[in-house]
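FYI, the numbering used here numbers position 109 of the sequence shown as 109, with every residue one higher than the one before it.
For glycine and all other residues, C-beta sits at the position ideal for the given N, C-alpha and C.
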Amino acid sequence: MNNLRSVDLNLLVVLDALLAERHLSRAAERLNMSQPAVSHALARLRHLLDDPLFHRRRREMVPTLRALELAVPLAEALSQIRTVLTPGAFDPAARHVFRLAMSDYGAALLLPGLMRLLRHEAPGIDLIVTQRSREGMVGAVIDGEVDLAFGVFPDLPARCESQGLLEDRYVCLLDPAAQPQPWQGLTERAYWAAPHVLVAVHGEAATEIDLHLRARRKTRRIGLVLPHWNVAPQVIAGTDLILTIARRSLDRVPPGLQVAEPPLDLPPIPFAAIHASRRRGDPALRWLEDRARQVLSGQAEGK
Numbered sequence: 001m002n003n004l005r006s007v008d009l010n011l012l013v014v015l016d017a018l019l020a021e022r023h024l025s026r027a028a029e030r031l032n033m034s035q036p037a038v039s040h041a042l043a044r045l046r047h048l049l050d051d052p053l054f055h056r057r058r059r060e061m062v063p064t065l066r067a068l069e070l071a072v073p074l075a076e077a078l079s080q081i082r083t084v085l086t087p088g089a090f091d092p093a094a095r096h097v098f099r100l101a102m103s104d105y106g107a108a109l110l111l112p113g114l115m116r117l118l119r120h121e122a123p124g125i126d127l128i129v130t131q132r133s134r135e136g137m138v139g140a141v142i143d144g145e146v147d148l149a150f151g152v153f154p155d156l157p158a159r160c161e162s163q164g165l166l167e168d169r170y171v172c173l174l175d176p177a178a179q180p181q182p183w184q185g186l187t188e189r190a191y192w193a194a195p196h197v198l199v200a201v202h203g204e205a206a207t208e209i210d211l212h213l214r215a216r217r218k219t220r221r222i223g224l225v226l227p228h229w230n231v232a233p234q235v236i237a238g239t240d241l242i243l244t245i246a247r248r249s250l251d252r253v254p255p256g257l258q259v260a261e262p263p264l265d266l267p268p269i270p271f272a273a274i275h276a277s278r279r280r281g282d283p284a285l286r287w288l289e290d291r292a293r294q295v296l297s298g299q300a301e302g303k
């Protein structure tokens, strides 16, 4: 076993970046190092750990089983070290990359205001945003593939923690001219009789609405399943479809369509940021969560 005094702990930072990026040049950019320096560090890591750590497959570096086993404990250890060295402090003037995951609803809600704030307050900070299913976002947070995920997370495993940012509500979007006549507004009877649009990233899935209805032994007819929120309002025009959607995702109501209050009791929509429990004390994550809350609270005040 290697004596800790003989180990260059900077190598562990390189390994953490390589595990996150799976790409030599991107890891070098993240670390503000040259590519040859990262290659040299990887060679030393392979010797130190007696394992190849990565295999090349096309343009990606695929981690070995040994490297994957190290990923979570390594991320936890580095997070604790950063907390010890910079307790309660994060320098937004420094170069930093945050990896985030969110749906297009979350991106529309948060990103425009957050990017304006960051470009003004912290132009050295870069964001890399990916879209995944809810389960995929939770898994990516736990595995350290992303720093924060933003969305609606009603149930979280013990290894994740949530910070509430904003509460939204459901409204219904419909084309009154295409509804069965005579149209007398969106009644509960009309709601159950209509076909509905369901937005799910990966095919058919139960949303909070459907889980809420099933708990009351009710179901709605799903006439269309879509993977994206942003196209959903456009498919309503000229049809009898009803879209039950988060109010804040409707910046503009397409011409001819109508926003109506749901004729039944639906739960609120708690928009939150989640992070891995092991990174609870990470000052960088706390800083970004605070900025996200600042952006969204400004929106709430303007509503």
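Note that the region 233-242 touches the region 162-176; at least 3 beta-carbon pairs, one per stretch, sit closer than 8 Å.
The Cβ atoms of residue 41 and residue 11 lie closer than 7 Å to each other. Of the other Cβ atoms in all chains shown, 16 or more fall within 10 Å of the Cβ of residue 151; this residue is therefore buried.
Sequence-distant Cβ neighbours of residue 162 in its own chain, meaning closer than 8 Å and more than five residues away, are 153, 156, 272, 273, 274.
If you draw a 10 Å sphere on the C-beta of residue 261, you find fewer than 16 other C-beta atoms in it, and that means exposed. In the DSSP annotation of this structure, the continuous segment of the alpha helix (DSSP H) that includes residue 18 starts and ends at 10-21.
At a Cβ-Cβ threshold of 7 Å, residue 169 and residue 247 count as neighbours.
Taking a 10 Å sphere around the C-beta of residue 196, we find 16 or more other C-beta atoms and assign the residue as buried. In terms of Cβ geometry, residue 166 and residue 100 do not form a close pair [threshold 7 Å]. When the Cα atoms are used, residue 293 and residue 143 turn out to be separated by approximately 24 Å.
Setting aside the 5 residues that flank it on each side, residue 243 is surrounded in the same chain by 173, 197, 232, 236, each with a C-beta closer than 6 Å to its C-beta; the list follows chain order.
Of the other Cβ atoms in all chains shown, 16 or more fall within 10 Å of the Cβ of residue 61; this residue is therefore buried. Shown here, residue 47 sits in a helix according to DSSP, grouped into three states. Secondary structure note for residue 25: it is in no beta strand (DSSP E), and the uninterrupted alpha helix (DSSP H) holding it is 24-31. Closest by C-alpha distance to residue 126, out of 222, 37, 81, 115, is 115. Counting along the chain, residue 213 sits inside the alpha helix (DSSP H) bounded by residues 208-215.
The DSSP assignment places complete beta strand (DSSP E) segments of no fewer than 3 residues inside the region 159-199 at 160-168, 170-174, 196-199, in order along the chain. Within the model, the alpha-carbon separation for residue 34 versus residue 132 is close to 31 Å. Between the alpha carbons of residue 45 and residue 9 lies a distance of about 10 Å. Leaving aside the five residues that flank residue 78 on each side, the residues in its chain whose CB is nearer than 8 Å to its CB run, in chain order, 12, 13, 16.
Under the three-state reduction of DSSP, residue 131 is assigned to coil, being neither helix nor strand.
Counting every other CB atom within 10 Å of its CB across the protein chains shown gives residue 249 a total of 16 or more, marking it as buried. For residue 112, the enclosing alpha helix (DSSP H) stretches over residues 104-121.
Residue 72 is not a Cβ neighbour of residue 30, given a cutoff of 7 Å.
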